[in-house]
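Protein chains in written order, with the working numbering: chain A, 4 to 338; chain B, 4 to 338. Ideal placement from N, C-alpha and C gives every residue a C-beta, glycine not left out. Values in this document were obtained by computation on a predicted structure and should not be read as measured data. Structure first, commentary second.
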DNA sequence: ATGAAAGCGCTAACAA
DNA sequence: TTGTTAGCGCTTTCAT
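Structural data, given as structure tokens:
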């Protein structure tokens, strides 16, 4: 069923129908009413594809994420999708776990399907970013683009790292171990910077031996603690760069016969679902992923309307959530 | 840049270029080589939109889910998206939390954007299913369609309920409380059926007072346990229909000064991320959500090719994962 | 093996 | 206010 079928039935030209469905001013009220009646009667829906074709615009945006299952990504995507739709666009979502699929998808979504803009959720900057077509608006979520050529939305990771460490310092801890995420990712580096800043401010020397790199998995948190002890490290608190590793660390501590937070305090990051239901409930930093997604979508659509506007780099705040996995430092007996 | 630009540059007609990019047989090898060279040289990409227009096919599928963040949905969607892409389609993903957005999206995706098929992730059957357009292939994930008019993919929920209960029975428990999900959802009902079957098989009378409806949240699991005790229910084990409620139940048990699994065994459902990191680690039923997503995509694409093939209703198995939140029944002293 | 013509369903410019 | 005429970039006849 096409615009012409409707036109024939309503006794007008197809152009008039077009005007009606596009809310053009220049239509007689009677005619409009008649056409609209015919449309509902026939159950006609304009073909968006043909519309794209004629207008040269798709109102499609693309979103590439390493995966769709990680709850942080999922939250960002859901919010971005909803916001995009609210603003009259549609977000094409795809998972690009590796560089190959990333490149292929860029091709499919931007070049073939003519998405008008791209949202890249990317924890780190690697070669794939060089494949990005110029002249198509891009917004980065997570990592910032190399040359600062595209807008980005990020959480204030440095501040987060600082706040987590500061919380432990305020509880009286002086020896604070730090389990980072993958150091190829921007956020890990920034959180580490925050950790160092807080220590420095407190007049505590930074000890390399207290920092260990994890891979975000609970297992890596578990192993990190074991390794720290094995290397003879002394610490009364741990700052893990995400909740999963924090949970792993807690397990390791408990398996070693110690208690959290009595013997060792642990702070995580993310405030993942059920963080409050672990035992002990996790002290952590909450990130508003939905806000990121919304902002990212807005930034991208802004850019579409205004390609030459100055690049914005949005940085959203994080929030400390104190629960029961951290406690004041207590001097321990023994050597 | 269009097919004609390439044609002009290569000194052929635009039609020949079309033949080349469509791998038509009827092209001279020399010509093909020349055209292909021109294509790479110019970086030409066929406009998929125009192609849809001319061919009348979009190769788009749509997927509607209550949300994108629940890890079970996210897994299904990710797998379906990947599989669809592998098979030459693209999955348009959108979250439809309520009936309104569901209806709107059906309109946008199927009618306007001409998606060729629909994947509905839907835990329950409500009015929205009546809005589904006929003559467009639909596959249901989760709930089964009323009239069995569309194919569906589901886990064997009844079997899962049976297995969970059976596990507790084999440990010697006779009084098994059951915290269900929302009873408007199919899976809750089926799992309850499995629970009853297992009891019956073991010669145990079904007690309404031991069954309580939750809403899938940890909080509801917590409250369910409190309510059971308040009503004077006696039980040595709990079967919660998801892990979140199981976690809530465990918290309630502990808050009441009892231990899991010594005093009360708890089994969950889903094997959610970090289920093994809770304390105690959760005994639960694992569902292969990725398999569901893959199967659903395949079923839908099958149906596109073969609209009159018999409706398939795939039912995938679930798997018992025994951890430490369940233990053999021990007779307690006291009255 | 290649090219010319027509049309997919719509919008944009122009004409009436 | 309405209708007519051209395309959008491609594919699909049908000629050659």
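For residue i, which residues in the same chain have their Cβ closer than 8 Å to its Cβ, ignoring the five residues on either side in sequence?
| i | result |
| --- | --- |
| residue 240/B | 171, 174, 176, 178, 179, 180, 267, 268, 269, 270, 329 and 332 |
| residue 121/B | 64, 65, 66, 67, 109, 112, 113, 135, 139, 140, 141, 142 and 303 |
| residue 262/A | 256 |
| residue 230/A | 215 |
| residue 222/B | 251 |
| residue 52/B | none |
| residue 307/A | 119, 120 and 140 |
| residue 283/A | 253, 263, 264, 326, 327 and 328 |
Going by beta carbon distance, what residues of the same chain come within less than 7 Å of residue i, once the five residues before and after it are set aside?
| i | result |
| --- | --- |
| residue 81/A | 296 |
| residue 118/B | 61, 63, 64, 65, 95 and 112 |
| residue 237/A | 178 |
| residue 23/A | 30, 35, 38 and 39 |
| residue 234/A | 212 |
| residue 338/B | Model confidence at residue 338/B stands at a pLDDT of 45, short of 50, so the residue's coordinates are unreliable; what they give is reported in the following sentence. Within the same chain, residue 338/B has no close Cβ partners at all. |
| residue 74/A | 275 and 276 |
| residue 205/A | 172 |
| residue 323/A | 166, 170 and 288 |
Could you please give the first and the last residue of the uninterrupted beta strand (DSSP E) stretch that includes residue i?
| i | result |
| --- | --- |
| residue 2/A | No answer is possible for residue 2/A: it lies beyond the span of chain A, which begins at 4 and ends at 338. |
| residue 157/A | 155 to 158 |
| residue 318/B | 316 to 319 |
| residue 6/B | Taken as a continuous stretch (DSSP letters only), residue 6/B belongs to no beta strand (DSSP E), being part of the alpha helix (DSSP H) at 6 to 13. |
| residue 179/B | 179 to 183 |
| residue 325/A | Careful: residue 325/A lies outside any beta strand (DSSP E) and carries neither H nor E. |
| residue 63/B | 63 to 68 |
| residue 145/B | 141 to 145 |
Less than 6 Å between C-beta atoms, sequence neighbours within five positions excluded: which residues of the same chain meet that for residue i?
| i | result |
| --- | --- |
| residue 264/B | 328, 329 and 330 |
| residue 138/B | none |
| residue 160/B | 190, 193 and 194 |
| residue 298/A | 156 and 317 |
| residue 183/A | 191, 195, 216 and 244 |
| residue 186/A | 216 |
| residue 90/B | 304 |
| residue 273/A | 245 and 246 |
Let me know if residue i comes out buried or exposed under the rule of 16 or more other beta-carbons within 10 Å of its beta-carbon.
| i | result |
| --- | --- |
| residue 321/B | buried |
| residue 217/B | buried |
| residue 155/A | buried |
| residue 162/A | buried |
| residue 151/A | exposed |
| residue 335/B | exposed |
| residue 301/B | buried |
| residue 164/A | buried |
| residue 58/B | exposed |
| residue 310/B | exposed |
| residue 126/A | buried |
| residue 25/B | exposed |
| residue 148/B | buried |
| residue 46/A | exposed |
| residue 281/B | buried |
| residue 248/A | buried |
| residue 15/A | buried |
List the endpoints of the continuous alpha helix (DSSP H) containing residue i.
| i | result |
| --- | --- |
| residue 18/B | 17 to 24 |
| residue 55/B | 51 to 58 |
| residue 85/A | 74 to 89 |
| residue 38/B | 32 to 45 |
With three or more beta-carbon pairs closer than 8 Å as the criterion, would you say the stretch 130 to 140 of chain B touches the stretch 97 to 108 of chain B?
By the C-beta criterion, the stretch 130 to 140 of chain B is judged to be in contact with the stretch 97 to 108 of chain B, since at least 3 inter-stretch pairs fall below 8 Å.
Below 8 Å, how does it come out for the stretch 252 to 260 of chain B and the stretch 35 to 52 of chain B: are there three or more Cβ pairs, yes or no?
At 8 Å Cβ cutoff, the stretches do not touch.
Three or more beta-carbon pairs under 8 Å between the stretch 188 to 206 of chain A and the stretch 152 to 168 of chain A, yes or no?
Under the three-pair Cβ rule at 8 Å, the stretch 188 to 206 of chain A counts as touching the stretch 152 to 168 of chain A.
Would you list, in sequence order, the uninterrupted alpha helix (DSSP H) runs of no fewer than 4 residues that lie entirely inside the stretch 222 to 309 of chain A?
Counting whole runs of 4 or more residues, the stretch 222 to 309 of chain A contains the alpha helix (DSSP H) stretches 246 to 258 and 292 to 308.
Run through the stretch 97 to 125 of chain B for me and flag every whole alpha helix (DSSP H) of 4 or more residues, listed as ranges in chain order.
DSSP runs (the alpha helix (DSSP H)) wholly in the stretch 97 to 125 of chain B: 102 to 108.
Inspect the CB distances between the stretch 297 to 317 of chain B and the stretch 286 to 296 of chain A and report whether three or more fall short of 8 Å.
The stretch 297 to 317 of chain B vs the stretch 286 to 296 of chain A: no contact.
Ranges of the beta strand (DSSP E) found wholly within the stretch 200 to 225 of chain B, counting only runs of at least 3
Restricting attention to beta strand (DSSP E) runs no shorter than 3 residues, the stretch 200 to 225 of chain B encloses them at 214 to 216, ordered along the chain.
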